[in-house]
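This report refers to the structure that appears directly beneath it.
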Amino acid sequence: MNERGFASDNSATVHPLVLGAIARVNVGHAFGYGHDPYSERITALIEEQFRGDARAFLVFNGTAANVLSLRAVCRPWQAAICAETAHLNVDEGGAPEAVAGVKLLTIPGENGKLTPSQVRGRIARIGDEHAVQPRVVSISQCTELGTCYSMKETKALADVAHAHDMLLHVDGARLANAAAWLELPLYALTTEAGVDVVSFGATKNGALGAEAVVFLNPELADGFRYLRKQSLQLASKMRFLAAQFEALLTDDLWLLSAHQANQMALRLGRGVNKMRHVEITRPVQSNAVFARITAKAIARLQQDFAFYTWDEATNEVRWMCSWDTTEQDVDEFIEAIAEAVGG
Numbered sequence: 000m001n002e003r004g005f006a007s008d009n010s011a012t013v014h015p016l017v018l019g020a021i022a023r024v025n026v027g028h029a030f031g032y033g034h035d036p037y038s039e040r041i042t043a044l045i046e047e048q049f050r051g052d053a054r055a056f057l058v059f060n061g062t063a064a065n066v067l068s069l070r071a072v073c074r075p076w077q078a079a080i081c082a083e084t085a086h087l088n089v090d091e092g093g094a095p096e097a098v099a100g101v102k103l104l105t106i107p108g109e110n111g112k113l114t115p116s117q118v119r120g121r122i123a124r125i126g127d128e129h130a131v132q133p134r135v136v137s138i139s140q141c142t143e144l145g146t147c148y149s150m151k152e153t154k155a156l157a158d159v160a161h162a163h164d165m166l167l168h169v170d171g172a173r174l175a176n177a178a179a180w181l182e183l184p185l186y187a188l189t190t191e192a193g194v195d196v197v198s199f200g201a202t203k204n205g206a207l208g209a210e211a212v213v214f215l216n217p218e219l220a221d222g223f224r225y226l227r228k229q230s231l232q233l234a235s236k237m238r239f240l241a242a243q244f245e246a247l248l249t250d251d252l253w254l255l256s257a258h259q260a261n262q263m264a265l266r267l268g269r270g271v272n273k274m275r276h277v278e279i280t281r282p283v284q285s286n287a288v289f290a291r292i293t294a295k296a297i298a299r300l301q302q303d304f305a306f307y308t309w310d311e312a313t314n315e316v317r318w319m320c321s322w323d324t325t326e327q328d329v330d331e332f333i334e335a336i337a338e339a340v341g342g
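So in numbering that gives the first Met the number 0 the end of the sequence shown lands on 342, straight run, no missing numbers.
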């Protein structure tokens, strides 16, 4: 098996600067649970990226960031509207329902994206005590299909949510990739677009294991420190989570890493786009390339390269690039694809 595959950005290495930051704080003793000056300073750095009155809380992983976001803003009888393909719906193991107690109301979005009209159509039976009450619209940025919401599209969804006394949540596991693609700062994609709460991902962008829940409406953060502890996500040695964010936020490492991943996906997409028997199935707008090839070609490629078959019924595959994907990696893969599909 090729050691550097295209299965997931979770498969990538940890950025050396992140490891270096962890090592630098691994001296002396510090108060635990984030009550040390270092963790407090880094949390403030995250908040500055989103501007306004943002409040940030560090957690271990993306599932926790998403589930805690919902748990913080929903009552037991309330629900979240999301795309059918959303990570919340497909890849959280039922955690939104089991842990947060929040029902998901799904919509079959196009290329993973929701539209205002679709969301309006899902808001129904308001005030009916027999029906779950929608409270949150949750979108993924980037989506699970590699597409990005423009600032205008996000703002339109926020306006619909707010008009119905609802909130907009962004699953930002790959928010950095969206910012790199759209060439916009994080606050423009979120705070200025009317987003209320963000799951800000670092793990898929070179971190060892760190995410943040960021409330852009500070009132929503009331009591969250208790929820985080109750949900098993309060790190005792918080400085080591904070160090990962310090590395990424220094000299725009988060943006450079995301840009590298995106550019490698573009290189891959362009390299296979004109091949016979290869069909690019989704717009390449981040670090993901979706394509359709034959089952025989999939089996042949997977002997040497790691990647996932996204839809076994249609032979659609997903090829993910990471911060550490190189041009050589991509070019060797393109050559192997050409051989597998027959030129």
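C-beta atoms are modelled at their ideal positions from N, C-alpha and C, and glycine is treated no differently.
Where does the unbroken beta strand (DSSP E) through residue i begin, and where does it stop?
| i | result |
| --- | --- |
| Ala55 | 54-58 |
| Leu167 | 166-171 |
Using the three-state DSSP reduction, which class does residue i fall into: helix, strand or coil?
| i | result |
| --- | --- |
| Ile333 | helix |
| Arg347 | The structure shown does not extend to residue 347, since the chain spans only 0 to 342, so no value can be given for it. |
| Arg266 | helix |
| Glu109 | strand |
| Glu2 | coil |
| Val288 | strand |
| Glu278 | strand |
| Ser38 | helix |
| Gly33 | coil |
| Asp328 | helix |
| Gly93 | coil |
| Glu182 | coil |
| Ile125 | coil |
Note down, in chain order, each residue of its chain lying with its Cβ closer than 6 angstroms to the Cβ of residue i, except the 5 sequence neighbours on either side.
| i | result |
| --- | --- |
| Ala175 | Asn204, Trp253, Ala257 |
| His14 | Gly205 |
| Asn110 | Leu144, Thr146, Arg281 |
| Ser321 | Asp8, Ala11, Ala260 |
| Ile21 | Phe239, Ala242 |
| Ile125 | none |
| Ala55 | Thr42, Ile45, Glu46, Ala211, Val213 |
From the DSSP secondary-structure annotation, give me the bridge partner or partners of residue i.
| i | result |
| --- | --- |
| Leu80 | This sequence places Ile at residue 80; Leu is not what is there. DSSP lists Leu104, Val136 as partners of Ile80. |
| Phe239 | DSSP lists no partner for Phe239. |
| Tyr307 | Arg317 |
| Val98 | Note: Val98 sits in no beta bridge, so no partner. |
| Ala71 | Paired residues: none, contrary to the question. |
| Val213 | Ala55, Val197 |
Would you say residue i faces chain B, with C-beta separation under 9 angstroms as the test?
| i | result |
| --- | --- |
| Leu57 | Although the question refers to chain B, the structure presented lacks it and comprises just one protein chain. |
Could you tell me the boundaries of the alpha helix (DSSP H) in which residue i lies?
| i | result |
| --- | --- |
| Gly205 | No alpha helix (DSSP H) contains Gly205, which DSSP labels as neither H nor E. |
| Arg299 | 294-300 |
| His28 | Run containing His28: none; DSSP gives neither H nor E here. |
| Asp251 | Segment: none, Asp251 is in no alpha helix (DSSP H) and carries neither H nor E. |
| Ser10 | Run containing Ser10: none; DSSP gives neither H nor E here. |
| Thr153 | 150-162 |
| Ser230 | Ser230 -> no alpha helix (DSSP H), and no H or E assigned at all. |
What residues in its chain sit with their C-beta under 8 angstroms from that of residue i, if we drop five residues either side in the sequence?
| i | result |
| --- | --- |
| Asn9 | Thr202, Lys203 |
| Leu113 | Ile80, Cys81, Ala82, Ile106, Val136, Ile138, Leu156 |
| Leu226 | Leu67, Arg70, Ala71 |
| Phe306 | Gly4, Phe5, Ala6, Leu300, Val316, Arg317, Trp318, Met319 |
How about residue i and residue j: are their beta carbons less than 9 angstroms apart?
| i | j | result |
| --- | --- | --- |
| Ala292 | Glu311 | In the sequence on display, residue 292 carries Ile and not Ala. Not closer than 9 angstroms, so no. |
| Pro115 | Ile80 | no |
| Ala145 | Ala335 | Ala is not the amino acid found at residue 145; the sequence shown has Gly there. In this structure, Ala335 does not lie closer than 9 angstroms to Gly145 by Cβ. |
| Leu265 | Val283 | yes |
| Ala71 | Leu219 | yes |
| Leu103 | Ala123 | no |
| Tyr37 | Leu233 | no |
| Arg173 | Gln140 | yes |
| Val194 | Thr153 | yes |
| Glu210 | Phe199 | yes |
| Phe244 | Asn25 | no |
| Leu16 | Thr324 | no |
| Leu183 | Met237 | no |
| Val98 | Cys73 | no |
Within the same chain, show all residues whose beta-carbon is closer than 7 angstroms to that of residue i, passing over the 5 residues directly before and after it, in chain order.
| i | result |
| --- | --- |
| Val51 | According to the sequence displayed, residue 51 carries Gly and not Val. Taken in chain order, the residues that qualify are Thr190, Leu215. |
| Ile333 | Leu267, Gly270, Val271 |
| Phe304 | Asn1, Gly4, Phe5, Phe332, Ala335 |
| Ala294 | Asn314 |
| Thr62 | Glu91, Ala94 |
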